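Numbering (numbering that gives the first Met the number 0), first residue to last: 0 to 124. The beta carbon of each residue, even a glycine, is placed where N, CA and C say it ideally should be. Predicted, not measured: the structure shown is a model, and the values here were computed from it. Working notes for the structure below.
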Amino acid sequence: MKKNDIILIAITLVVALACFIGTRIWQKSNTDEDAVAVVTIDGDIYGEFPLSEDIVERIEFPDGSFNVLTVSEGYADVTEASCPDQICVHHNHIRYSGESIVCLPNKLVVEVKGGEDNGIDGSTY
0 MKKNDIILIA
10 ITLVVALACF
20 IGTRIWQKSN
30 TDEDAVAVVT
40 IDGDIYGEFP
50 LSEDIVERIE
60 FPDGSFNVLT
70 VSEGYADVTE
80 ASCPDQICVH
90 HNHIRYSGES
100 IVCLPNKLVV
110 EVKGGEDNGI
120 DGSTY
């Protein structure tokens, strides 16, 4: 390896680390104490569950299928489901506004939405 190769690798690592840290800071600044997990089934709102409370909700469907939504410690997660692929169960928990968990066989969507809108989409200097 030449000296320029090492410099290029070092610069690439520094930029990647800066992007990672910037993303984490941005995510933390977008958390909201009033955030809720909004559950929709086939496009209709089933319920809104505050992330600040610990809740276990079993959502049953007319065909006998079900999903279990668990909200605890500021996270929402689908912990059980009757669907065959279990993708919604294996999905990581969600807590930031805009994140979602989808169960296609049951047409269930869990999405985190923040509290009040502060009216600012972005700012530049």
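In the structure shown, the three-state DSSP call for Ala34 is coil. Between Asp62 and Thr69, the C-beta spacing is not below 9 Å.
Between Asp53 and Glu72, the C-beta spacing is below 9 Å. Cα atoms of His92 and Ser64: separation of roughly 21 Å, rounded to the nearest angstrom.
For Arg57, the pairing in a beta bridge is given by DSSP as Val67. Listed as beta-bridge partners of Glu52 by DSSP are no residues whatsoever. Under DSSP, Glu110 shares a beta bridge with Val37 and Ser99.
Taking C-alpha positions only, Asp4 is separated from Phe19 by approximately 23 Å.
For Pro104, the closest alpha carbon among the candidates Leu50, Ala80, Gly46 and Arg94 is that of Ala80.
Here Lys106 is near Ile40, since their CB atoms are less than 9 Å apart. Per the coordinates, the alpha-carbon of Ile58 lies some 10 Å from the alpha-carbon of Val38.
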